[in-house]
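Per my numbering, residue 64 is the first one in the sequence shown, and the count goes up by one each step. Where a beta carbon is used, it is the ideal one built from N, C-alpha and C, also for glycine. Here's the structure, in C-alpha coordinates; my notes come after.
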Amino acid sequence: MDRDLQFENEAYRPEVGFPHPPQVSEVTGRVTNKFSPGAPLLWIPAFLVGQLFSYLLMITGLPVITDGYGWWTQYLTAVGTVTFSVGGLYLIFLVIKERFSTVIAWWTTAFVVLATQMLYYTAVDPLNSHSASFLLSATLLWGTHKYLEGRTSLSWITFLGALGGVLSLIRNQDVVLLIPLGILLLVQPGTIWQRVLRGLSLGLSWLAVISIQGLTTHYLYGQLNSPYLIQGEQISWFRPDFWRVLFTLENGVLFFAPGLVLCLEGLRIALRQRKTLASLAVGIFLLQLYVVAAWSPEIIGGPYGSRMFISTLPWLAVGLGYLLQSKSVKNISKWMYLGILGVLLLNNLLQTLYMLARF
(Lines of atoms letter the chains of each structure in order from A and count residues from 1; the text may use other names and numbers.)
(Lines give C-alpha, C1' and ligand atoms only; values in the text may rest on other atoms or scores of the structure.)
Protein backbone atom coordinates (compact mmCIF):
# COMPACT_ATOMS: atom_id res chain seq x y z
CA MET A 1 0.00 0.00 0.00
CA ASP A 2 2.95 2.35 0.57
CA ARG A 3 4.64 1.40 -2.73
CA ASP A 4 7.57 -0.62 -1.39
CA LEU A 5 8.41 -4.25 -0.64
CA GLN A 6 9.37 -3.67 3.00
CA PHE A 7 6.43 -4.92 5.02
CA GLU A 8 7.59 -4.25 8.58
CA ASN A 9 5.24 -1.29 9.00
CA GLU A 10 2.33 -3.35 7.63
CA ALA A 11 2.97 -6.74 9.23
CA TYR A 12 2.17 -5.72 12.79
CA ARG A 13 -1.24 -4.13 13.24
CA PRO A 14 -2.45 -4.84 16.81
CA GLU A 15 -5.51 -2.62 16.37
CA VAL A 16 -6.87 -4.96 13.68
CA GLY A 17 -6.03 -8.26 15.31
CA PHE A 18 -2.43 -8.99 14.29
CA PRO A 19 -0.92 -10.21 17.57
CA HIS A 20 2.63 -11.09 16.51
CA PRO A 21 5.44 -8.60 15.93
CA PRO A 22 7.22 -9.05 12.59
CA GLN A 23 10.10 -11.50 12.35
CA VAL A 24 13.06 -10.22 10.36
CA SER A 25 15.44 -12.58 8.54
CA GLU A 26 19.03 -12.31 9.76
CA VAL A 27 20.19 -13.18 6.24
CA THR A 28 18.15 -10.74 4.15
CA GLY A 29 16.98 -8.19 6.72
CA ARG A 30 13.46 -8.53 5.36
CA VAL A 31 10.23 -9.24 7.22
CA THR A 32 9.51 -12.95 6.82
CA ASN A 33 6.21 -14.67 6.17
CA LYS A 34 5.91 -18.45 6.32
CA PHE A 35 2.52 -18.50 4.60
CA SER A 36 2.40 -19.28 0.89
CA PRO A 37 1.63 -16.50 -1.63
CA GLY A 38 -1.06 -18.38 -3.57
CA ALA A 39 -4.13 -17.33 -1.60
CA PRO A 40 -3.17 -13.62 -1.39
CA LEU A 41 -2.65 -13.57 -5.16
CA LEU A 42 -6.14 -14.98 -5.66
CA TRP A 43 -7.54 -12.41 -3.22
CA ILE A 44 -6.21 -9.45 -5.24
CA PRO A 45 -9.30 -8.87 -7.46
CA ALA A 46 -11.72 -8.74 -4.50
CA PHE A 47 -9.20 -6.69 -2.50
CA LEU A 48 -8.98 -4.13 -5.31
CA VAL A 49 -12.77 -3.91 -5.49
CA GLY A 50 -12.83 -3.28 -1.73
CA GLN A 51 -10.16 -0.60 -2.03
CA LEU A 52 -11.95 1.09 -4.92
CA PHE A 53 -15.20 1.14 -2.97
CA SER A 54 -13.39 2.57 0.07
CA TYR A 55 -11.88 5.36 -2.03
CA LEU A 56 -15.30 6.17 -3.49
CA LEU A 57 -16.73 6.43 0.03
CA MET A 58 -13.81 8.65 1.05
CA ILE A 59 -14.51 10.98 -1.89
CA THR A 60 -18.08 11.41 -0.63
CA GLY A 61 -16.67 12.57 2.70
CA LEU A 62 -17.39 9.45 4.76
CA PRO A 63 -14.76 8.46 7.38
CA VAL A 64 -13.31 5.25 5.91
CA ILE A 65 -9.88 3.63 6.13
CA THR A 66 -8.06 3.33 2.79
CA ASP A 67 -4.76 1.73 3.87
CA GLY A 68 -5.86 -1.82 3.03
CA TYR A 69 -7.17 -2.62 6.50
CA GLY A 70 -10.53 -0.89 6.22
CA TRP A 71 -13.78 -2.69 7.02
CA TRP A 72 -15.10 -2.52 3.46
CA THR A 73 -11.86 -3.85 2.01
CA GLN A 74 -11.81 -6.78 4.41
CA TYR A 75 -15.53 -7.45 3.97
CA LEU A 76 -15.46 -7.52 0.16
CA THR A 77 -12.28 -9.62 0.17
CA ALA A 78 -14.09 -12.08 2.44
CA VAL A 79 -17.04 -12.12 0.04
CA GLY A 80 -14.58 -13.02 -2.70
CA THR A 81 -13.31 -15.98 -0.68
CA VAL A 82 -16.89 -17.16 -0.13
CA THR A 83 -17.25 -17.30 -3.91
CA PHE A 84 -14.26 -19.68 -3.91
CA SER A 85 -16.20 -22.06 -1.68
CA VAL A 86 -19.34 -21.72 -3.80
CA GLY A 87 -17.33 -22.31 -6.96
CA GLY A 88 -15.76 -25.44 -5.49
CA LEU A 89 -19.16 -26.78 -4.46
CA TYR A 90 -20.50 -26.13 -7.95
CA LEU A 91 -17.65 -28.07 -9.57
CA ILE A 92 -18.23 -30.98 -7.18
CA PHE A 93 -21.90 -30.87 -8.13
CA LEU A 94 -21.00 -31.03 -11.84
CA VAL A 95 -18.66 -34.00 -11.41
CA ILE A 96 -21.09 -35.99 -9.26
CA LYS A 97 -23.98 -35.16 -11.59
CA GLU A 98 -22.10 -36.39 -14.65
CA ARG A 99 -20.83 -39.54 -12.95
CA PHE A 100 -23.95 -40.47 -11.01
CA SER A 101 -27.16 -38.41 -11.10
CA THR A 102 -28.55 -34.98 -10.30
CA VAL A 103 -30.18 -36.24 -7.09
CA ILE A 104 -26.94 -37.77 -5.83
CA ALA A 105 -25.14 -34.55 -6.76
CA TRP A 106 -27.51 -32.48 -4.61
CA TRP A 107 -27.15 -34.80 -1.61
CA THR A 108 -23.37 -34.91 -1.95
CA THR A 109 -22.99 -31.14 -2.27
CA ALA A 110 -25.27 -30.57 0.74
CA PHE A 111 -23.16 -33.02 2.74
CA VAL A 112 -19.90 -31.24 1.92
CA VAL A 113 -21.16 -27.79 2.91
CA LEU A 114 -23.20 -28.81 5.98
CA ALA A 115 -21.40 -31.79 7.48
CA THR A 116 -17.72 -30.85 7.11
CA GLN A 117 -15.41 -28.02 8.15
CA MET A 118 -16.36 -26.14 4.95
CA LEU A 119 -19.35 -24.74 6.84
CA TYR A 120 -17.01 -22.93 9.23
CA TYR A 121 -14.57 -21.75 6.57
CA THR A 122 -17.37 -20.49 4.35
CA ALA A 123 -19.83 -18.93 6.80
CA VAL A 124 -17.77 -18.04 9.89
CA ASP A 125 -14.11 -17.46 9.00
CA PRO A 126 -13.71 -17.19 5.22
CA LEU A 127 -10.59 -14.99 5.28
CA ASN A 128 -8.20 -17.93 5.19
CA SER A 129 -6.49 -19.89 2.44
CA HIS A 130 -8.77 -22.90 2.89
CA SER A 131 -11.56 -21.82 0.56
CA ALA A 132 -8.98 -21.21 -2.17
CA SER A 133 -7.51 -24.69 -1.59
CA PHE A 134 -11.01 -26.13 -1.79
CA LEU A 135 -11.74 -24.37 -5.09
CA LEU A 136 -8.48 -25.41 -6.75
CA SER A 137 -8.80 -28.98 -5.52
CA ALA A 138 -12.35 -29.15 -6.86
CA THR A 139 -11.12 -27.72 -10.16
CA LEU A 140 -8.40 -30.38 -10.29
CA LEU A 141 -11.05 -33.02 -9.59
CA TRP A 142 -13.19 -31.65 -12.42
CA GLY A 143 -10.21 -31.56 -14.77
CA THR A 144 -9.21 -35.11 -13.87
CA HIS A 145 -12.79 -36.25 -14.42
CA LYS A 146 -12.69 -34.71 -17.90
CA TYR A 147 -9.36 -36.42 -18.56
CA LEU A 148 -10.83 -39.80 -17.64
CA GLU A 149 -13.78 -39.03 -19.91
CA GLY A 150 -11.48 -38.62 -22.91
CA ARG A 151 -9.91 -35.16 -22.81
CA THR A 152 -6.34 -36.50 -22.91
CA SER A 153 -4.40 -33.97 -25.00
CA LEU A 154 -1.02 -32.72 -23.82
CA SER A 155 -2.48 -29.22 -23.52
CA TRP A 156 -5.11 -30.53 -21.10
CA ILE A 157 -2.46 -32.36 -19.06
CA THR A 158 -0.45 -29.13 -18.99
CA PHE A 159 -3.56 -27.38 -17.68
CA LEU A 160 -3.88 -30.00 -14.92
CA GLY A 161 -0.24 -29.47 -13.95
CA ALA A 162 -0.77 -25.72 -13.76
CA LEU A 163 -3.83 -26.27 -11.57
CA GLY A 164 -1.70 -28.42 -9.29
CA GLY A 165 0.89 -25.66 -9.25
CA VAL A 166 -1.63 -23.06 -8.09
CA LEU A 167 -2.95 -25.53 -5.51
CA SER A 168 0.61 -26.08 -4.23
CA LEU A 169 1.21 -22.34 -4.23
CA ILE A 170 -1.74 -21.92 -1.86
CA ARG A 171 -0.61 -24.68 0.53
CA ASN A 172 2.68 -26.33 -0.40
CA GLN A 173 1.79 -29.74 1.05
CA ASP A 174 -1.06 -30.05 -1.45
CA VAL A 175 1.51 -31.03 -4.06
CA VAL A 176 0.68 -34.59 -2.96
CA LEU A 177 -2.62 -34.29 -4.85
CA LEU A 178 -0.67 -34.47 -8.10
CA ILE A 179 1.23 -37.66 -7.23
CA PRO A 180 -1.59 -40.17 -7.94
CA LEU A 181 -2.43 -38.34 -11.16
CA GLY A 182 1.22 -38.38 -12.21
CA ILE A 183 1.42 -42.12 -11.60
CA LEU A 184 -1.75 -42.62 -13.65
CA LEU A 185 -0.27 -40.70 -16.58
CA LEU A 186 2.86 -42.84 -16.50
CA VAL A 187 1.11 -46.23 -16.35
CA GLN A 188 -1.64 -45.59 -18.88
CA PRO A 189 -1.28 -47.24 -22.30
CA GLY A 190 1.10 -45.65 -24.79
CA THR A 191 4.67 -45.72 -25.98
CA ILE A 192 7.51 -44.80 -23.67
CA TRP A 193 7.77 -41.45 -25.46
CA GLN A 194 4.06 -40.74 -24.98
CA ARG A 195 4.29 -41.54 -21.27
CA VAL A 196 7.34 -39.32 -20.88
CA LEU A 197 5.58 -36.46 -22.66
CA ARG A 198 2.54 -36.81 -20.40
CA GLY A 199 4.72 -36.77 -17.30
CA LEU A 200 6.76 -33.79 -18.52
CA SER A 201 3.64 -31.83 -19.45
CA LEU A 202 2.26 -32.30 -15.94
CA GLY A 203 5.54 -31.76 -14.09
CA LEU A 204 6.91 -28.77 -15.98
CA SER A 205 3.66 -26.81 -15.86
CA TRP A 206 3.51 -27.48 -12.11
CA LEU A 207 7.13 -26.36 -11.75
CA ALA A 208 6.51 -23.15 -13.68
CA VAL A 209 3.80 -22.08 -11.22
CA ILE A 210 5.39 -23.29 -7.98
CA SER A 211 8.60 -21.43 -8.88
CA ILE A 212 6.79 -18.34 -7.57
CA GLN A 213 7.05 -19.91 -4.11
CA GLY A 214 10.77 -20.50 -4.58
CA LEU A 215 11.39 -16.92 -5.68
CA THR A 216 9.33 -15.56 -2.77
CA THR A 217 11.10 -17.73 -0.19
CA HIS A 218 14.54 -16.85 -1.54
CA TYR A 219 13.68 -13.16 -1.52
CA LEU A 220 12.48 -13.22 2.10
CA TYR A 221 14.85 -15.80 3.63
CA GLY A 222 17.84 -16.01 1.29
CA GLN A 223 17.48 -19.77 0.89
CA LEU A 224 15.31 -22.40 -0.77
CA ASN A 225 13.46 -24.43 1.83
CA SER A 226 9.99 -24.65 3.31
CA PRO A 227 9.33 -21.44 5.28
CA TYR A 228 7.68 -23.59 7.95
CA LEU A 229 10.88 -25.59 8.41
CA ILE A 230 13.04 -22.47 8.28
CA GLN A 231 11.03 -21.00 11.17
CA GLY A 232 11.41 -24.09 13.34
CA GLU A 233 8.48 -26.38 12.62
CA GLN A 234 9.21 -30.07 12.08
CA ILE A 235 7.95 -32.95 9.99
CA SER A 236 8.51 -36.37 11.56
CA TRP A 237 8.30 -38.61 8.52
CA PHE A 238 9.08 -41.75 10.53
CA ARG A 239 6.73 -40.96 13.44
CA PRO A 240 3.36 -39.96 11.97
CA ASP A 241 0.61 -39.61 14.58
CA PHE A 242 -2.42 -40.96 12.75
CA TRP A 243 -4.61 -41.25 15.86
CA ARG A 244 -4.23 -37.56 16.67
CA VAL A 245 -5.21 -36.28 13.23
CA LEU A 246 -8.08 -38.73 12.75
CA PHE A 247 -9.84 -39.17 16.08
CA THR A 248 -8.80 -36.74 18.81
CA LEU A 249 -10.77 -33.73 20.03
CA GLU A 250 -9.71 -30.51 18.24
CA ASN A 251 -7.41 -32.33 15.79
CA GLY A 252 -9.33 -35.35 14.56
CA VAL A 253 -10.89 -34.89 11.14
CA LEU A 254 -13.19 -37.89 11.68
CA PHE A 255 -14.08 -36.68 15.17
CA PHE A 256 -15.13 -33.30 13.77
CA ALA A 257 -16.73 -34.64 10.58
CA PRO A 258 -17.69 -38.28 11.25
CA GLY A 259 -19.76 -38.32 8.08
CA LEU A 260 -16.52 -38.63 6.13
CA VAL A 261 -16.60 -42.30 7.13
CA LEU A 262 -19.47 -42.62 4.64
CA CYS A 263 -17.25 -41.17 1.93
CA LEU A 264 -14.47 -43.62 2.77
CA GLU A 265 -16.93 -46.51 2.68
CA GLY A 266 -18.06 -45.40 -0.77
CA LEU A 267 -14.47 -45.30 -1.96
CA ARG A 268 -13.94 -48.81 -0.59
CA ILE A 269 -16.92 -50.04 -2.61
CA ALA A 270 -15.61 -48.29 -5.72
CA LEU A 271 -12.12 -49.76 -5.30
CA ARG A 272 -13.61 -53.24 -5.43
CA GLN A 273 -15.13 -52.22 -8.76
CA ARG A 274 -11.72 -50.95 -9.96
CA LYS A 275 -12.90 -47.37 -10.46
CA THR A 276 -9.96 -45.19 -11.50
CA LEU A 277 -11.27 -41.95 -9.97
CA ALA A 278 -11.82 -43.73 -6.66
CA SER A 279 -8.23 -45.01 -6.73
CA LEU A 280 -6.98 -41.47 -7.24
CA ALA A 281 -9.17 -40.20 -4.38
CA VAL A 282 -7.93 -42.88 -1.98
CA GLY A 283 -4.33 -42.16 -2.92
CA ILE A 284 -4.82 -38.44 -2.35
CA PHE A 285 -6.45 -38.96 1.04
CA LEU A 286 -3.76 -41.38 2.25
CA LEU A 287 -0.91 -39.15 1.11
CA GLN A 288 -2.45 -36.09 2.76
CA LEU A 289 -3.14 -38.10 5.90
CA TYR A 290 0.53 -39.09 6.07
CA VAL A 291 1.74 -35.50 5.63
CA VAL A 292 -0.66 -34.11 8.23
CA ALA A 293 0.12 -36.90 10.70
CA ALA A 294 3.85 -36.26 10.31
CA TRP A 295 3.50 -32.51 10.92
CA SER A 296 4.54 -31.66 14.46
CA PRO A 297 3.28 -29.52 16.03
CA GLU A 298 0.19 -29.43 13.84
CA ILE A 299 -0.72 -25.88 14.76
CA ILE A 300 -2.17 -25.02 11.35
CA GLY A 301 -4.33 -28.10 11.22
CA GLY A 302 -5.57 -28.22 14.77
CA PRO A 303 -8.95 -26.59 15.35
CA TYR A 304 -12.12 -26.92 13.33
CA GLY A 305 -11.66 -30.45 12.13
CA SER A 306 -8.04 -30.42 10.96
CA ARG A 307 -8.24 -27.87 8.20
CA MET A 308 -5.26 -29.31 6.33
CA PHE A 309 -7.65 -31.98 5.01
CA ILE A 310 -9.87 -29.46 3.23
CA SER A 311 -8.19 -30.05 -0.12
CA THR A 312 -9.19 -33.72 0.09
CA LEU A 313 -12.91 -32.98 0.54
CA PRO A 314 -13.78 -32.76 -3.18
CA TRP A 315 -12.16 -36.15 -3.72
CA LEU A 316 -13.82 -37.72 -0.68
CA ALA A 317 -17.14 -36.42 -1.99
CA VAL A 318 -16.73 -38.81 -4.92
CA GLY A 319 -16.85 -41.63 -2.39
CA LEU A 320 -20.23 -40.46 -1.14
CA GLY A 321 -21.46 -40.53 -4.72
CA TYR A 322 -20.41 -44.16 -5.07
CA LEU A 323 -22.05 -45.02 -1.75
CA LEU A 324 -25.37 -43.38 -2.65
CA GLN A 325 -25.35 -45.23 -5.95
CA SER A 326 -24.69 -48.61 -4.36
CA LYS A 327 -27.48 -51.15 -3.97
CA SER A 328 -27.15 -51.21 -0.18
CA VAL A 329 -28.42 -47.63 0.25
CA LYS A 330 -30.11 -46.88 -3.08
CA ASN A 331 -33.63 -47.51 -1.79
CA ILE A 332 -33.32 -45.69 1.53
CA SER A 333 -36.01 -43.06 2.12
CA LYS A 334 -35.11 -39.41 1.57
CA TRP A 335 -36.30 -38.78 5.12
CA MET A 336 -33.56 -41.08 6.36
CA TYR A 337 -31.05 -39.08 4.34
CA LEU A 338 -32.40 -35.84 5.82
CA GLY A 339 -32.20 -37.28 9.32
CA ILE A 340 -28.58 -38.35 8.91
CA LEU A 341 -27.64 -35.01 7.37
CA GLY A 342 -29.43 -33.18 10.19
CA VAL A 343 -27.51 -35.10 12.86
CA LEU A 344 -24.21 -34.42 11.10
CA LEU A 345 -25.08 -30.72 10.78
CA LEU A 346 -25.94 -30.52 14.47
CA ASN A 347 -22.63 -32.18 15.35
CA ASN A 348 -20.85 -29.70 13.08
CA LEU A 349 -22.55 -26.69 14.70
CA LEU A 350 -21.97 -27.88 18.27
CA GLN A 351 -18.29 -28.59 17.68
CA THR A 352 -17.84 -25.26 15.91
CA LEU A 353 -19.45 -23.43 18.85
CA TYR A 354 -17.18 -25.34 21.23
CA MET A 355 -14.11 -24.35 19.24
CA LEU A 356 -15.20 -20.71 19.07
CA ALA A 357 -15.71 -20.64 22.83
CA ARG A 358 -12.37 -22.33 23.46
CA PHE A 359 -10.22 -20.34 21.06
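- Contact between the stretch 310-327 and the stretch 372-389 is present: three or more C-beta pairs spanning the two stretches fall below 8 Å.
- Excluding the 5 residues flanking it on each side, LEU376 has same chain C-beta neighbours closer than 7 Å at VAL175, THR179, MET181 and PHE197, in chain order.
- Look at the beta carbons and you see the stretch 268-276 touching the stretch 223-239: at least three pairs across the two are nearer than 8 Å.
- Checking the DSSP bridge columns, you'll see VAL94 partnered with VAL87.
- The stretch 272-284 and the stretch 88-108 touch, with three or more beta-carbon pairs separated by less than 8 Å.
- For ILE395, the secondary structure class from DSSP, reduced to helix, strand or coil, is coil.
- Per DSSP, reduced to three states, the secondary structure at TRP134 is helical.
- Rounded to whole angstroms, the separation of the alpha carbons of GLN414 and LEU352 is 21 Å.
- The shortest C-alpha to C-alpha distance from ARG162 to any of VAL345, VAL406 and ALA333 is the one to ALA333.
- Around the beta carbon of TRP256, fewer than 16 other beta carbons lie within 10 angstroms, which makes this residue exposed.
- In the displayed model, SER196 falls within a helix according to three-state DSSP.
- Membership of SER374 in any alpha helix (DSSP H) is not indicated, and neither H nor E is assigned to it by DSSP.
- Collapsing the DSSP output to three states places TRP300 in coil.
- SER99 sits in coil when the DSSP states are folded into three classes, being neither helix nor strand.
- In the DSSP assignment, the residues bridged to SER359 are GLN297.
- In the structure shown, the three-state DSSP call for LYS390 is coil.
- For the stretch 130-183, the continuous alpha helix (DSSP H) assignments of 4+ residues that do not extend past its boundaries occur at 134-162 and 165-178, in sequence order.
- Per DSSP, reduced to three states, the secondary structure at ASN235 is helical.
- Nearest C-alpha to ASN394 among VAL259, ILE242, ILE167 and ASP237: ILE167.
- Contact annotation: LEU154 and LEU104 have beta-carbon atoms that are not nearer than 8 Å.
- Distance from the CA of ILE159 to the CA of THR207, rounded to the nearest whole angstrom, comes to 13 Å.
- Rounded to the nearest whole angstrom, the CA to CA distance from PHE222 to LEU265 is 8 Å.
- Shown here, THR339 sits in a helix according to DSSP, grouped into three states.
- In the DSSP assignment, SER268 falls within the alpha helix (DSSP H) that extends over 255-284.
- In terms of CA proximity to SER369, PRO321 leads the group THR136, LEU115 and PRO321.
- If you check the CB distance, VAL259 and VAL354 do not come in under 8 Å.
- DSSP places ILE242 in the uninterrupted alpha helix (DSSP H) bounded by 241-250.
- Put simply, of GLY285, TRP135, SER231 and VAL187 the residue whose alpha carbon is nearest the alpha carbon of VAL112 is TRP135.
- Linking SER391 to TYR284 through their CA atoms gives a straight-line distance of about 55 Å.
- Cβ-Cβ distances below 8 Å link VAL87 to GLU71, ARG93, VAL94 and THR95 in the same chain, with the five nearest sequence neighbours on each side left out; the list follows chain order.
- Around the beta carbon of PRO290, 16 or more other beta carbons sit within 10 angstroms, so the residue counts as buried.
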